[in-house]
Structures are given as structure tokens and as C-alpha cells.
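Plus 262 on top of the position in the sequence shown (first one is 1) and you've got my numbering.
Glycine included, each C-beta is placed from N, C-alpha and C at the ideal position.
Predicted, not measured: the structure shown is a model, and the values here were computed from it.
One structure below.
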Amino acid sequence: MNLSKPIKTMIWKRDEKAIRRLPKSEEEMEYILVTDVGSTTTKARLFKKIKGEWRYVISGEAPTTVEAPYENVILGVRNAIREIEDLTGLQILSPDGKIIKPHSKGRGVDFYCSTSSAGGGLQMMVAGVIKTMTAESANRAALGAGAIVMDVIAVDDGVPDYEKIEKIRHLRPDMILLAGGTDGGTKTLVMQIAELITASDPKPRLGEDYKLPIVYAGNKDVRPEIKKLMGDKFALSIVDNIRPVLEIENIEPARNAIHELFMEHVMSHAPGYPELMSWTDLDILPTPAGEGMAMQLIAYMEKKNLLGVGLGGATTNIYSVFDGKFVRSVSANLGMSYSICNVMKEAGIDNIIRWVPFYIEKEELIDMLRNKMIRPTTIPQTIESLVVEHAVAREAIRLGFIHHKTIATRLKGALRRDRTIGDLLEYSLKETYIEMMKIGIIAGTGGLLSHAPRRVQSMLILTDAFQPEGVTKIYQDSVFMMPHLGVLSKAFPEIAWNIFDKDCLVRLGTVIAPAGTLNKTEPALNVRIEMPNGETIEKEVEYGDIIRISLEERQKAKVFIDPRGGLDVGNGPGKSREATVEGGVVGILIDARGRPLTLPSEEDERKRTLLKWFSNLDAYPKEIIEKWEGEINE
């Protein structure tokens, strides 16, 4: 399987220079090591060629050592690698603690690369002229490069200049992305925002002994003035305009420059990174950038539009690949441990408790979440606390997706003059270009999803949060390897996909869900499934119900879906659809609960509804569900 040529047409480019520097060819390689230096944990993954096929072998993990008293990430990396050495007997580190390369006589590895989000990852400020145009495009470029965007400054954002200056002075970003003006367009406003940044005299987060990197991706006619104003004071990089004309968004040059400056100026000043950089065969990438590459790899190989989520302890990253456009958003205040109380604050306690099928006082639930925040590494000790965390996860993803859709939008300012009034009305009503009926895959990664006791629990969390429509495959990362395989795909996409396909992606199954609502309990759709063993299964599913049908991983079945009452499964209201569905460890979920999904307002009815769904799907132990049902009936 040679995928090198077509994968070069993807959103990122294969790093040919790194490959040419390797002492061995791809065919001669036997061991690959990839690490992710996370904010709390450094994770090492070892991959090996076994009988001509690349496979995941084992993991090593250790606390990250970026902060005092260690202040050297190398220590954590070595500890994670030594765990792999202990478990495999393979010597990877030399006596002086360096990675042995290339592999020879049972020692060393042939290729090593890494991602990192230690010390807060890449933190950027974005500036532009028009908030809804160039600043928004610059924001997408920074997010796509794996950054956490601390703030977006624009000439027309309504904030007085003195407040902008105060804000820029106190942000202390790792880097600034400055855009504005189409080529040949406004010069005055571009210079106005550039002069504002210069007057603010911003300092880099990791110390004042180096120049703050700035990427200029605005009107090309202003480049001489920008260079004169900022060239001596900042580490200035000038790239092609993000919005050369209103109808085109060109963010790849800015993304590439961000990665280069991240390595050259940011990572080189972080504790221990200069030595780590000397070990790696590829530039170190921000962890979200590696995760985003993995999402793009899935979409490319499956040839489908994709939605993905990285559900972390502090942040929730949402990814979309839709009609060839890749967008990442980060909700830096929504997470499952450090930021769990922020989810409660933004969602509201009522929106969390609506997913809980047993009686619990709001104050008790609030205390549970506060305890999780102050003890972020704890895991649920009871089934009730597990259900509460799953409820929070639904809301974190839901809120993150709402935020994502504000970024995955059509280009502002690019309306054609030949549009009709109807076109303009539809444009304003449907600002995001993401259409759930056209999403073919939903993929999830993160500790809560990967470590759910039953796979159906994570599948239901993703289904409830994203509310897929039509026919959608659901995937999950098995042991948090997406960042590792994403950065590896930059050099060896074939190897990365082989490991991804065989050892990383858990195929949960397929969701069949009609869009629309009905007023009462009545048949929502008839489904006929032709199973691979020749058996035919026919189901009539009532509106408001969800059922599960077993179909094993990598098995396919043909389905014939006949919706009722104007419900839509992809061919229009009330029109039937024929499709091929793929099985998984959960199988097929036929979700006739309606879109948008709503829960009964009456408390006991809502609890009974949840318990019916959980029972139908075998989501939690039968005796626990019966216990909760008994409490409701008392």
C-alpha cells in the first residue's frame, strides 16, 4: 500500500527533508518512538515493524518535568522511555541518557518525533483590521496551527485603544499573528493595529531575553512599513496574505510560519526543549496540531466529512474536516478536571443534571464537581459519580461544538452581488457551513472517552453531544495515540495510517438518526437490515426511542430506512434511504429521539426516559438501572 503520492494533496505537506536526512530507508526501519510531552504527563509510544507490518507495541508514561523543581522536560521523557525499556528489554537510551539512533543489534530506534503541550502549549494573540473578516481568518490560522488563542484584537472591535494597549501588555503571549487588509486594500488601518502592538511593547511569556515572534500575513503593499516599524523590535516573519481578496482565505503560509517560529523562538527557550529538539527527526509540534493531523488523516482515508473532539482535563478541542476545509476550535475553559467547574458555570447546573437518571441534590452535584477540580487526577469511585462525569462531558462537547460553529463559517465580506434576497436570508440563517446530515464520521479522543467502562457509554456521549443526523460512523481513540500518529504522519503517512487502522481507532459502530421532530409517541421509522450472514432484521422504532443492534467491527450491512411523519434521513423529509453501514464494538444505534434532541421537562418522566435509553443500550449494569428505577417508583 503506497499512499505517499495522494496524501501529499492533503492539508499538510509530507516532510521530505526530514526523510532524506535519515540514515535508513523506510523499508529498512524497524522501530519508531513517538512522545507527547503533555501538561501533566509525558506519554511515549513504541511502534515496531512485525512481519512487514507496522504495529503499536507498548506505552510508557511519566510525570512531565517542565516546572520546578526539575524545570527540564528531558527528565520526564527519559522516565517514560525507561518504562518502555523495562517492559520490552529494548535498550533505547545510551548510558548518558540520549536516544540511540538508528536501531542496530537490538539497541536504539530508527526514528523519533514528538508533540508537546507542556507549560501551556503554544499561546498566541491574534490581531486584524475587521473582526469578522481578517481577524477571524487569522484566528482560524492560529487555531489550526495548534495554538490556544488568548485574545483577538481588531480595529473595529469596539474596545478603546488604551484598553487594547493594556490588554496586549498583560497577555504575554508566545507569538502574535497580525493580519489585515486585502492586497491593494487599506494601508491606514493595518498600520493602525501594527502601531498599537508596537506601542504596547508586549513581552514573551517565557522570558524577556529574546524577541517576541510576530507573523505578518496582511496586505502585501504594507510590508515595507511593517518591516520598518517592527523589524528591529520583534522576530518578524512576513508571509502571504491570509485574505489576498475577500473571496479567498489562504491560511497555510501563516500556519507554516507559526510552526517554524514555535520551534525557533518559543521551544528553544522552554526548559529542556533545546536538547529534546536535537533528538527529534521532525520539528516538535503542539499536541493539538498533531491531534488535528490525525483527524485529517481519518477524513482523508475514509473520504468523508468528519467532526472530532479532544476532550481534555483543561480544554475541549473540536475539529472539523468539511468539504476539504479543516478547522480547529479550542474552548480553553471547558475540561473534565481542571476546568470542570467552568463547564458547570457555562452550561448551568440544570443542563448537567438533566442527563442524570437518579435523584441527586444540586448542592451535592456541585460539591462533586468542585472536588474533581481540586483533585483533578482522581477517577470516579461509584457508578453515580461516573454518570455525573458523563453528563458533564456531554455539556462540554455540546458547548465546544457551539463555539466551533462560530469559527467554521463562510467567509465574511465575500457575498456575491448576484445573490438573491432568498440567498442572503439563507446565508444569514446558516452562518456555519457544517451540515450534520453531511457528516460521515464522528471521532473522539481523551481520557474520559477512552477509559469509559463500556464502549457504548462513550458512543452515547458523542451521539448526545453532537446529535448526528442521517448515517454516521463513530470512532474513538483507544489509548490516546492521536497526537503521536498525527505527527508521525508528517513523515510516514502510510505507517501512521496502518497503526491507526489496526491499533488506535476503535470502531464503535454507526448511528442512524432522522432529523426533525414529531409531536407524540408514534412510529418514527422502519428499518430493514440485511446482515452479512444472510439474516434480515426488521425494526419499527417509535419516536423518542433508541435501540441497539449488534454488528461486529469491520462487518458491513445494507440498510433500508423508511422515515415517517416528515422525518429526514438524508434524502429529504419522508423519503426513504438505502445505505451501507459499518459495525463496531457497540454495533448499530437506531436513534429516533428526534433532532434537535429534547428531554422531558417533568423530572420523573425525564429520569424514566433516560433509564429506558440506558437499558435498551445496555449502557450501565442491569441491577444499577433497576435500583434507580425503584427509587423513582417509591
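Asked                                                                                                                                                              : Found
So within the stretch 811-870, which uninterrupted alpha helix (DSSP H) runs reach at least 4 residues, ignoring any that extend past its ends?                    : none
Shortest alpha-carbon distance to K869 belongs to which of I852, D853, K889?                                                                                       : K889
Give the DSSP-derived three-state secondary structure of K565 in the structure shown.                                                                              : coil
How many angstroms separate the CA atom of A561 from the CA atom of A753?                                                                                          : 18 Å
Which residue's Cα is closest to the Cα of V477: G778, E864, Q643, M387?                                                                                           : M387
Taking the alpha carbon of Y318 as the reference point, which residue from I546, F742, I887 has its own alpha carbon closest?                                      : F742
Tell me whether E800 is buried or exposed, calling it buried when 16 or more other Cβ atoms sit within 10 Å of its Cβ.                                             : exposed
What does Q719 pair with, by DSSP beta-bridge criteria?                                                                                                            : Q719 pairs with nothing; no bridge assigned.
Counting Cβ pairs, one atom from each stretch, are 3 or more of them under 8 Å apart for the stretch 595-614 and the stretch 312-332?                              : no
From the DSSP secondary-structure annotation, give me the bridge partner or partners of W875.                                                                      : Per DSSP, none; premise fails for W875.
Please say whether D824 and S838 have beta carbons closer to each other than 8 Å?                                                                                  : yes
At the level of alpha carbons, what is the spacing between N264 and E756?                                                                                          : Summary for N264: the model assigns pLDDT 39, below 50, so the residue's position carries little reliability; its value from the coordinates is reported in the next sentence. Approximately 7 Å, taken between the alpha carbons.
According to DSSP, what are the bridge partners of Y737?                                                                                                           : A705, R769
If I measure Cβ to Cβ from L458 and keep anything under 7 Å in the same chain, skipping five residues before and after, which residues do I get?                   : D423, K426, I427
I need the boundaries of the alpha helix (DSSP H) containing L454, first residue and last residue.                                                                 : It is Gln, not Leu, that sits at residue 454 in the sequence shown. Run containing Q454: 450-462, per the alpha helix (DSSP H) assignment.
Between which residues of its own chain and D419 is the CB-CB distance below 7 Å, once the five residues before and five after are set aside?                      : K393
Note down the Cα distance separating T707 from D880, rounded to an integer number of angstroms.                                                                    : 22 Å
Buried or exposed for N922, going by 16 or more other Cβ atoms inside 10 Å?                                                                                        : Because the chain spans 263 through 896 in this model, residue 922 falls outside it and cannot be assessed.
In the DSSP assignment, what residue or residues form a beta bridge with R774?                                                                                     : The residue you asked about is not Arg; residue 774 is Ile in the sequence shown. Answer is V733, I852.
Between R575 and P550, is the Cβ-Cβ spacing less than 8 Å?                                                                                                         : Contrary to the premise, residue 575 reads as Gly rather than Arg in this sequence. Taking 8 Å as the Cβ cut-off, G575 and P550 do not qualify as a contacting pair.
Tell me the DSSP bridge mates of E522?                                                                                                                             : None; E522 has no bridge partner.
Pop quiz: E511 and R505 are said to be a contact at Cβ under 8 Å. What is the actual Cβ separation, rounded to whole angstroms?                                    : 6 Å
With C-beta atoms as the reference, is T842 less than 8 Å away from K818?                                                                                          : yes
Starting from the N-terminal side, write out each stretch of the alpha helix (DSSP H) that is 4 residues or longer and does not extend beyond the stretch 622-668. : 624-636
Roughly how many angstroms lie between the CA atoms of L544 and E891, to the nearest whole one?                                                                    : 55 Å
Sorted by chain position, which residues of the same chain lie with C-beta nearer than 6 Å to M635's C-beta, five sequence neighbours on each side aside?          : I602, C603
Going by Cα to Cα distance, which pick from S863, L308, I336, K363 is closest to W617?                                                                             : S863
Closest to G709 by C-alpha separation, out of L648, G845, T668, T671, would be which residue?                                                                      : L648
Could you tell me which of W316, G314, K313, F309 sits nearest to G322, measuring between CA atoms?                                                                : F309
Buried or exposed: where does S540 fall if 16 or more other Cβ atoms within 10 Å of its Cβ makes it buried?                                                        : exposed
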